[in-house]
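Just remember that our numbering sits 11 ahead of the position in the sequence shown, which is counted from 1. Glycine included, every Cβ here is placed at the ideal spot set by N, Cα and C.
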Amino acid sequence: MSIVRLIYVTVKPNQVNDAVTLWKNHCAPLMIKQPGCLSEKLLECVDAPGEFISYSEWDSQANIDKYRGSDAHAEIQKHARGLQGGSATVKRYEIK
Numbered sequence: 012m013s014i015v016r017l018i019y020v021t022v023k024p025n026q027v028n029d030a031v032t033l034w035k036n037h038c039a040p041l042m043i044k045q046p047g048c049l050s051e052k053l054l055e056c057v058d059a060p061g062e063f064i065s066y067s068e069w070d071s072q073a074n075i076d077k078y079r080g081s082d083a084h085a086e087i088q089k090h091a092r093g094l095q096g097g098s099a100t101v102k103r104y105e106i107k
């Protein structure tokens with residue numbers, strides 16, 4: 012069964028464009044290249060400026076764990092830290 016990993020992030024309203032550009036140009040290309048990553052998307056909340064969800068679908072928890080220990084994950088975290096106005100919340104959901 013696939014696992015969907017959702018990361019809820021809020022950035023300051025004046026950082027929205029920077030967040031989208033950073034995701035599209037740096038984070039998404041790194042993530043989708045990871046073994047087991049089936050899909051990745053950035054969702055922007057239409058009701059609350061600055062709220063995003065990073066959506067990624069993985070083939071297994073083992074590949075999520077490998078990704079979390081990878082250089083790519085460390086690089087994505089480094090980029091994201093400069094934008095976040097608060098902490099990120101990560102939740103995993105199993106596709107049934």
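Exercise. With distances taken between CB atoms, is the gap from Glu51 to Ala39 smaller than 8 angstroms?
Worked result: yes
Problem set entry | Host alpha helix (DSSP H) of Lys89 (start-end) | 82-92
For this session: Would you mind listing the beta strand (DSSP E) stretches within the stretch 12-54 that are 3+ residues and don't spill past its ends, in chain order?
Result: 14-21
Problem set entry | Beta-carbon contacts of Glu68 that lie in its chain and below 6 angstroms, excluding the five residues immediately before and after | Ser13, Val15, Leu49, Ser50
For this session: With DSSP collapsed to three states, give me the class of Lys107.
Result: coil
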